[in-house]
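**Q**
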RNA sequence: GCGCCCGUAGCUCAGUGGAUAGAGCGUCGGCCUCCGGAGCCGAAAGCGUAGGUUCAAUUCCUAUCGGGCGUACCA
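In our numbering, the protein residues as written are -5 to 559.
#1: Buried or exposed for residue 415, please, with buried defined as at least 16 other CB atoms from any protein chain shown within 10 angstroms of its CB.
#2: For residue 222, count the other beta carbons within 10 Å of its own beta carbon; 16 or more makes it buried, fewer makes it exposed. Which is it?
#3: With H, G and I counted as helix, E and B as strand and the rest as coil, what does DSSP make of residue 517?
#4: Given a cut-off of 8 Å on the beta-carbon distance, is the pair residue 37 and residue 494 in contact?
#5: Tell me the rounded alpha-carbon separation between residue 534 and residue 150.
#6: Does the stretch 54 to 72 come within contact of the stretch 87 to 98, defined as at least 3 CB pairs closer than 8 Å?
#7: Once the 5 residues before and after residue 462 are set aside, which same chain residues still bring their CB inside 8 Å of it?
#8: In this structure, does DSSP put residue 32 in helix, strand or coil?
#9: Can you tell me whether residue 375 is helix, strand or coil according to DSSP?
#10: Compute the beta-carbon to beta-carbon distance between residue 275 and residue 322, rounded to the nearest angstrom, for a pair I have assumed lies under 8 Å.
#11: For residue 449, which of 519, 366, 559 has the nearest alpha-carbon?
#12: Candidates 524, 411, 464, 19: which alpha carbon is nearest residue 147's?
#13: Using only CA atoms, which one of 236, 169, 465, 413 lies nearest to residue 261?
#14: Rounded to whole angstroms, what is the Cα-Cα separation between residue 13 and residue 7?
#15: May I have the straight-line CA-CA distance separating residue 19 from residue 84, to the nearest angstrom?
#16: Mind checking residue 452: buried by the 16 CB within 10 Å criterion, or exposed?
#17: Would you please state the rounded distance, in angstroms, between the beta carbons of residue 264 and residue 171? I believe it to be under 8 Å.
#18: DSSP three-state call for residue 70: helix, strand or coil?
#19: Apart from the five residues just before and just after residue 156, which ones in its own chain have a Cβ nearer than 6 Å to its Cβ?
#20: Per DSSP, which residues does residue 224 bridge with? Please list them.
#21: According to DSSP, which residues form a beta bridge with residue 296?
#22: Residues in its own chain within less than 7 Å of residue -4 by CB, not counting five upstream and five downstream?
#23: According to DSSP, is residue -5 helix, strand or coil?
#24: Three-state secondary structure (DSSP) at residue 422?
#25: Spatial neighbours of residue 178 within its chain, please: CB distance less than 7 Å, with the 5 preceding and 5 following residues excluded, ordered by chain position.
#26: Should the stretch 363 to 382 be regarded as contacting the stretch 398 to 405, the criterion being three or more beta carbon pairs within less than 8 Å?
#27: Quick check on residue 148: does DSSP put it in helix, strand or coil?
#28: Could you compute how far the alpha carbon of residue 466 sits from the alpha carbon of residue 408?
#29: Find the nearest neighbour of residue 317 within the set 271, 382, 447, 4, judged by alpha-carbon distance.
#30: Can you give the Cα-Cα distance for residue 341 and residue 417, rounded to whole angstroms?
#31: Name the two residues that bound the continuous beta strand (DSSP E) containing residue 332.
#32: Span of the alpha helix (DSSP H) holding residue 540?
#33: Which same chain residues, not among the five before or five after residue 50, have their C-beta less than 6 Å away from its C-beta?
#34: Just how far apart, CA to CA, sit residue 247 and residue 241?
#35: Bridge partners of residue 275, per DSSP?
#36: Can you check DSSP and say which residues form a bridge with residue 340?
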């Protein structure tokens, strides 16, 4: 992972130190103290242990081989040559196998806090994205059933990632791809028809591979309430599209509502059907044919995926003339790029991983770069209930819905739960435990810190105290617990950048717990409102900044920041 | 069989090419004349196994064991 050193409080110091170290290398070479060709990619980091200083570099160890000297010897030479006064460094030490540790002047964290306060609500925002257009497409569930736990996870990750990218300076759009065409709609129509007939007392067998969920029975009951039995003697070819259209509208409305209740708002709801109707799907197949990416076999048209390293081709148009999902998906992604996105991120379930390589290959085939399409694969959510695995299946209709999750566990707790885990991990979700332990969800630990601060600020206002952040006030902040909290707050913009660039929203959930812990520790060790008027007002500034960071971070992951709990 | 993901504390999960691997829950022990105890402080407990690369591996590579997913003219 390349070190990201953005234009942030911490990033700027790292950059300055980085330059100072390079300067020291050059000087040592000029003095013939060190001999080397190029300077390796060393890191300037904030060490895990505070006893190792405020910043640290592995430069001496990275260059040991090139310089043919021991790391500690190189560190000695460098530390004598480094001019880090501009960064605010007080002392430089050599430690361990050859780390060079920098300790800043005592007031550096106070200056950090001043800057945090100056930036206010914008603190955390940065410009590393340079306004580049990026799209995050997530959930995109078939509108043939209800949203389930897997969709909930996708929603939590996708929405959070989009927010983080926005904070990091990208121009972001959230999109939901509506699979309202193709095979599953045919099957859907057959299932609806069967339910329709069954509800009207016809003895009809339900399709084996149909959609067994109770929700579509509800939909057809509503349909009958509105339209009666007038489709009973109608030709199947006539009534099936009517059922499907009716149900799609209903189901889509349900999906929008469930996502909205989960705190997710999309910029675009994109209909697959429009791609077929506009001719985009047939056009993309023609384009690929013209460029010799397509071959015929067994009556079907295949994309030659062997040209990008796959073992075999993939069907674009079936022998029956109907294009596959794959063909539509290529047209869809072409459409995305035509809309000006430089990068599109798709969040898919692990069951689609076989689709990744051929989609990326297809992007090359239609003239884009495969890296412009990023697929974030999300492992499954394995549900436990009564100690047993609950097998989810949309086909059989046994699954826990997003709606139930929000009702039983709560939106904040559910979102925090999902966004705390990396997309890579297979989650074991014990529903009984989740319900019974709702109060133990770490989200409340974070929210509690926020509510506590709000309460303090309110009490302070009544006492006639207000946050003051001029230099004289901030200089009164000297306790370890206070400084540790500032240090944690100062990390915020870099945490956002890291999470956004690496597509790891879980970083922020973890970070917020660390902020809350640092605050609770501060609270336990330092009285905010005390007899010392000026110190109280300085600490109020710190508390207020903490609340602001928590509020901003929680917002990014779609969790509320209540003032009272 | 082949491909992808994952094996970190009793449980659920973070994390990292570096100097002492973390949190929540659970267990054990402390802390309320005081701003919110949904809190604070402390203890026990862990990188599946075996090789390799490296100054340095839990992290990268290989093998192996275990789990998940995929391997359709489904999506």
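For each residue, glycine too, the CB sits at the ideal point set by N, CA and C.
Since the model is a prediction, treat every value here as computed from it, not as a measurement.
**A** According to the structure shown:
#1: Along the first chain, one-based indexing puts residue 415 at 421. It counts as buried.
#2: Within the first chain, numbered from 1, the residue matching residue 222 stands at position 228. When all chains shown are included, residue 222 counts as exposed.
#3: For the purposes of this step, residue 517 is taken as the residue at position 523 of the first chain. Correct three-state label for residue 517: helix.
#4: Numbered from its first residue, the first chain carries residue 37 at position 43. Numbered from its first residue, the first chain carries residue 494 at position 500. No. Outside cutoff.
#5: Numbered from its first residue, the first chain carries residue 534 at position 540. Numbered from its first residue, the first chain carries residue 150 at position 156. Each residue's Cα considered, the two are about 33 Å apart.
#6: yes
#7: Numbered from its first residue, the first chain carries residue 462 at position 468. 528, 531, 532, 534, 535, listed in sequence order.
#8: Your numbering for residue 32 matches position 38 in the first chain. Looking at residue 32 - three-state DSSP - the assignment turns out to be coil, as it is neither helix nor strand.
#9: Translated into the one-based positions of the first chain, residue 375 becomes position 381. Looking at residue 375 - three-state DSSP - the assignment turns out to be strand.
#10: Here the question's residue 275 lines up with position 281 in the first chain. Here the question's residue 322 lines up with position 328 in the first chain. About 5 Å separates the two Cβ atoms, so the contact holds.
#11: Locating residue 449 in the first chain gives position 455, counting from the first residue. For the residues 519, 366, 559, the minimum Cα distance to residue 449 belongs to 559.
#12: Along the first chain, one-based indexing puts residue 147 at 153. Answer by Cα proximity: 411.
#13: Taking the first chain and counting its residues from 1, one reaches residue 261 at position 267. Ranking 236, 169, 465, 413 by Cα distance to residue 261 puts 169 first.
#14: Here residue 13 refers to the residue found at position 19 when the first chain is read from its first residue. Here residue 7 refers to the residue found at position 13 when the first chain is read from its first residue. Going by the C-alpha atoms only, they are around 10 Å apart.
#15: Position 25 of the first chain, counting from 1, holds the residue named residue 19. Position 90 of the first chain, counting from 1, holds the residue named residue 84. Their backbone Cα atoms lie some 20 Å apart in a straight line.
#16: Numbered from 1 along the first chain, position 458 holds the residue referred to as residue 452. The residue is exposed, with fewer than 16 neighbouring Cβ atoms inside 10 Å.
#17: Stepping through the first chain from its first residue, residue 264 is reached at position 270. Stepping through the first chain from its first residue, residue 171 is reached at position 177. Rounded, the Cβ-Cβ distance is 5 Å, consistent with contact.
#18: Within the first chain, numbered from 1, the residue matching residue 70 stands at position 76. Residue 70 falls in the helix class under three-state DSSP.
#19: Walking along the first chain from the start, residue 156 turns up at place 162. For residue 156, where only same-chain residues beyond five positions count, the Cβ hits under 6 Å are 130, 166, 168.
#20: Locating residue 224 in the first chain gives position 230, counting from the first residue. None, per the DSSP bridge assignment.
#21: Numbered from its first residue, the first chain carries residue 296 at position 302. Paired residues: 289, 309.
#22: On the first chain, residue -4 is found 2 positions in, with the first residue counted as 1. Note that residue -4 scores 43 on pLDDT, short of 50, meaning its location in the model is unreliable and no value can be drawn from it.
#23: Indexing the first chain from 1 puts residue -5 at position 1. Below a pLDDT of 50, predicted positions are generally treated as unreliable, and residue -5, at 35, falls in that range; the measurement from the model is reported next regardless. Correct three-state label for residue -5: coil.
#24: Here residue 422 corresponds to residue number 428 of the first chain, with the count starting at 1. Residue 422 falls in the strand class under three-state DSSP.
#25: Along the first chain, one-based indexing puts residue 178 at 184. Correct list, in chain order: 136, 138.
#26: no
#27: The residue you call residue 148 lines up with position 154 of the first chain. Helix, per DSSP.
#28: Within the first chain, residue 466 is the residue found at index 472, counting from 1. Within the first chain, residue 408 is the residue found at index 414, counting from 1. Residue 466 and residue 408: Cα-Cα distance of roughly 44 Å.
#29: Locating residue 317 in the first chain gives position 323, where the first residue counts as 1. For the residues 271, 382, 447, 4, the minimum Cα distance to residue 317 belongs to 271.
#30: For this step, residue 341 is matched to residue 347 along the first chain. For this step, residue 417 is matched to residue 423 along the first chain. Approximately 9 Å, taken between the alpha carbons.
#31: Here residue 332 is taken as the residue at index 338 of the first chain, counted from 1. Run containing residue 332: none in the beta strand (DSSP E); it sits in the alpha helix (DSSP H), 319 to 332.
#32: One-based indexing of the first chain puts residue 540 at position 546. Unbroken alpha helix (DSSP H) run through residue 540: 527 to 550.
#33: As a working mapping, residue 50 is identified with position 56 in the first chain. The answer, listed in chain order, is 39, 41, 93, 95.
#34: Here residue 247 refers to the residue found at position 253 of the first chain. Here residue 241 refers to the residue found at position 247 of the first chain. When rounded, the distance between both Cα atoms is 10 Å.
#35: Residue 275 sits at position 281 when you count from the first residue of the first chain. According to DSSP, which records beta bridges pairwise, residue 275 is partnered with nothing at all.
#36: Looking up residue 340 in the first chain gives position 346. 131, 369.
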